[in-house]
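Data first, discussion second: the structure below is written as structure tokens.
Residue numbers (mature numbering (1 follows the signal peptide of the UniProt record, and there is no 0)): -21 to -1, 1 to 527.
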């Protein structure tokens, strides 16, 4: 009775606090069959994910997912999908990682967007206030002939001096200056119908336009603002078409630039008119300007090619992400037509998956003077553990059990018989007068199977154990109640069968040489012998749990 009071005291003291053991974790886990739907919510003071299981009814019914949450996956379906409704990958970055998976397509979106913004910073075109095409439209009719000598003399002298010192640093905008000077020169010095001038006018028209950057940044800005999956798909189609058009434009400009370089070498744009000296000076000036123009346009051409390459990679990465919206998981039939499947995870009894999800808000401005992408401080972090659902949760423990077991004890009995005054006969025999050894305390390792069909503070337990007492093997079978506390406790009742050592060949009262002969003769019963007798009973108290 004192022992029972002690057990009850321990139980009452321990129920004041709770801790999460692996078994408690499964008892608390929400059961999921096919998919976990995650809704990012940045409207909260502390942003978080909300979740639904298997069927989506919207954020109104979704439950908050904070900290680390465990889900019990049905082994009937063998795997589970983690799904999120559509989010714009240009405004949000999402990484999902576990011990074996990091989705590369989401990371590649970040890489390519960063690359695009870096290239756009370097591709801003300095547009001249006036282009050569403006003068070509005027047909060179309004020539400032009165200022001809002064303008050409000053320009020609400065260009020749800079060329001699190899410090010439002409900008693309100076093409407009050349055009102004050309309009001021006698028509006798310039062949307006020459291939060089025609190629120059064509290049000026193409490279002085903002079409290239404008078209690309416009479609990327629209893509960034997409709020639905259908809208995102439609604009992404526009991005693909825009890239195709820009690649074609770039190829055309590359060809025009090559033709212009070849035409300049012929100097077909200079004619010797009434003033050979002026024409020669203007020719030298023109060749230097054209050389710098070619270098500038070649640099811009290279930047455009880099930009197109990165934009194409971005387009391909977006295609990979969009392909996830139409996936069908053949293992359990889960379809995702308006959302992204972040991953499919298989579960088994001996393995579990720990997932870490991080979603960040980011700010992308493709239309700024210096386009860039910035990760904002707002982010959502969540941890998910996926474990196999078990109706009976196995748990191992060591416990002390009070039993009704008794064991026969055999000793050597020495008896004396007086035959005469000088003769005493002694004999040693097998005796059990020492009675029965009452050994109520049994130490056993117990496999508990906790019933996991409801949520509560106490759960039924089925148990099977093996007694570990020295020289006293036993088997226990019973049930009880598992209490959820700081140190989980199980109180149980059951039956116990024990293997006992009995005399093998010796009999009670048989003469022997001594105690050692008894000890050598004691043998355990056969394996089935304990089960042929009426079992004894035990009451148990268990602690120090270890889940299997």
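Backbone N, C-alpha and C define an ideal beta-carbon position, used for all residues, glycine too. Quick caveat: nothing in here was measured; it's all calculated off a predicted structure.
Using 10 angstroms around the beta-carbon of residue i, count the other beta-carbons present and answer buried if the total reaches 16, otherwise exposed.
i: residue 13; result: buried
i: residue 338; result: buried
i: residue 178; result: buried
i: residue 193; result: exposed
i: residue 114; result: Because residue 114 carries a pLDDT of 39, less than 50, the predicted location of this residue cannot be relied on, and no value is offered for it.
i: residue 237; result: exposed
i: residue 393; result: exposed
i: residue 510; result: exposed
i: residue 488; result: exposed
i: residue 433; result: exposed
i: residue 25; result: exposed
i: residue 370; result: exposed
i: residue 255; result: exposed
i: residue 3; result: buried
i: residue 493; result: exposed
i: residue 445; result: exposed
i: residue 265; result: buried
i: residue 205; result: buried
i: residue 443; result: exposed
Which two residues bound the contiguous alpha helix (DSSP H) that contains residue i?
i: residue 1; result: 1 to 7
i: residue 208; result: 208 to 245
Considering residue i, what are the terminal residues of the beta strand (DSSP E) in which it resides?
i: residue 268; result: No beta strand (DSSP E) holds residue 268; the alpha helix (DSSP H) holding it covers 255 to 302.
i: residue 502; result: 501 to 503
i: residue 528; result: No statement about residue 528 is possible, as the shown extent of the chain runs from -21 to 527 and does not include it.
i: residue 325; result: 318 to 325
i: residue 50; result: 47 to 52
i: residue 420; result: 420 to 430
i: residue 18; result: 14 to 20
i: residue 552; result: Lying before the first or after the last residue shown, residue 552 is absent from the chain, which here runs from -21 to 527.
i: residue 30; result: 27 to 32
i: residue 439; result: 437 to 446
Looking only at its chain, what residues have a beta carbon closer than 7 Å to the beta carbon of residue i, apart from the 5 residues adjacent to it on each side?
i: residue 21; result: 340, 357
i: residue 32; result: 9, 11, 15
i: residue 47; result: 362, 364
Starting from the C-beta of residue i, find all residues in its chain whose C-beta is less than 6 Å away, skip the five residues before and the five after it, and write them out in chain order.
i: residue 519; result: 378, 380, 471
i: residue 441; result: 428, 458
i: residue 332; result: 77, 324, 365
i: residue 419; result: 381, 382
i: residue 18; result: 29, 38, 41
i: residue 436; result: 463
i: residue 479; result: 386
i: residue 453; result: 446, 475, 477
i: residue 502; result: 483
i: residue 438; result: 429, 430, 461
Which class does residue i belong to by DSSP, given the choice of helix, strand or coil?
i: residue 512; result: coil
i: residue 494; result: helix
i: residue 481; result: strand
i: residue 174; result: helix
i: residue 70; result: coil
i: residue 201; result: helix
i: residue 388; result: coil
i: residue 408; result: strand
i: residue 181; result: helix
i: residue 355; result: strand
i: residue 60; result: strand
i: residue 329; result: coil
i: residue 529; result: Lying before the first or after the last residue shown, residue 529 is absent from the chain, which here runs from -21 to 527.
i: residue 40; result: coil
i: residue 335; result: strand
i: residue 360; result: strand
Would residue i pass as an interface residue toward chain C - the criterion being a Cβ-Cβ separation below 9 Å?
i: residue 283; result: Considering every chain present, this structure includes no chain C. It has just one protein chain.
Tell me which residues share the same chain as residue i and place their Cβ nearer than 8 Å to its Cβ, disregarding the 5 neighbours each side in the sequence.
i: residue 201; result: 214, 217
i: residue 227; result: none
i: residue 513; result: none
i: residue 224; result: 194
i: residue 203; result: 67, 69, 70, 343, 345
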